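In this note's numbering, the protein residues as written are 2 to 188. Even glycine gets a Cβ: it sits at the ideal position worked out from N, Cα and C. This one's a predicted model, so the numbers in the text were calculated from it and none came from an experiment.
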Amino acid sequence: MLFFHAFTGCDVVSAFCGKGKKSAWQTWDVCDEASGVFSKLSQYPPVVDDEDLKTLEKFVVMMYDRSSTAEGVDDARLDMFARKQRPYEAIPPTRSALKQHVKRAAYQAGCIWSQSTVRQPETQTPANWGWTKKGDLWQIVWTELPPIAESCQQLTKCGCKSECCSRCKCFCFGLTCTALCSCRCEV
């Protein structure tokens with residue numbers, strides 16, 4: 002339960018955009034395999050392996066879209082953004098961002114909370130758990146991916162049904178339509 006609470010958002014670990022405890026709990030009801038990972042990462046010392054990350058990816062995909070057949074968050078992101086026309090805020094994080102999120106949640110649940118009743122708890126540096134030290138302060142490592150290029154900061158795709166017109170999002174931003182657009186304009 003400790004890891005579930007940290008993973009789904011708490012005072013020191015971020016939450017998934019638009020997904021609260023209730024939707025996470027409902028996802029847990031249909032994703033039983035997550036129980037073992039939640040339990041394992043609630044204990045000291047937490048060890049996050051690739052199988053744990055795969056299971057948590059599947060859990061996150063199901064939390065965002067129960068009908069998705071994707072097991073990885075990156076595939077689900079592409080499907081939800083390009084095919085299902087979901088806004089950027091309504092798709093899961095990248096695998097790299099999820100990995101850092103899992104590390105922070107495991108650190109909080111396994112290293113901090115699980116030892117809350119221990120007289121002299123063992124401590125680990127947060128540096129290996131999704132945090133980095135800048136001066137005297139700890140800052141979150143959101144992802145290990147490089148920042149997107151300036152030209153990609155405004156992710157746009159139009160919703161034009163057949164041909165583009167003056168209300169076309171791409172046209173308004175001075176861009177040409179891309180393969181992500183649902184129109185039939187030349188790419």
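query: How many Å lie between S152 and K85 at the Cα?; result: Unreliable placement is indicated for S152, whose pLDDT of 46 sits below 50; the coordinate value is still reported in the next sentence. C-alpha separation (whole angstroms): 24 Å.
query: Which residues share a DSSP beta bridge with K85?; result: Beta-bridge pairing links K85 to no other residue.
query: Alpha carbons only, please: which of S43, G21, H6 and F8 is nearest the one belonging to S115?; result: S43
query: Since W132 sits in a beta bridge, which residues does DSSP pair it with?; result: I141
query: If I'm right that Y65 touches E123 with Cβ under 8 Å, what's the distance once you round it to whole angstroms?; result: Not a contact, Cβ separation roughly 35 Å.
query: DSSP three-state call for S15: helix, strand or coil?; result: coil
query: Would you kindly report the start and end of the unbroken alpha helix (DSSP H) that includes V48?; result: Element bounds for V48: n/a, residue is neither H nor E.
query: What does a CB cutoff of less than 8 Å around Q140 pick up in its chain, not counting 5 residues either side in sequence?; result: W132, T133 and K134
query: Please report the straight-line C-alpha distance between W143 and I113, rounded to a whole angstrom.; result: 20 Å
query: Just the Cα atoms here: how many angstroms apart are V62 and V31?; result: 12 Å
query: Per DSSP, what kind of secondary structure is L181 in: helix, strand or coil?; result: coil
query: Under three-state DSSP, which class holds M64?; result: helix
query: Work out the CA separation of W130 and K104 for me, nearest whole Å.; result: 5 Å
query: What is the DSSP secondary structure of F174, counted as helix, strand or coil?; result: coil
query: If you run the structure through DSSP and keep just helix, strand and coil, what is R120?; result: coil
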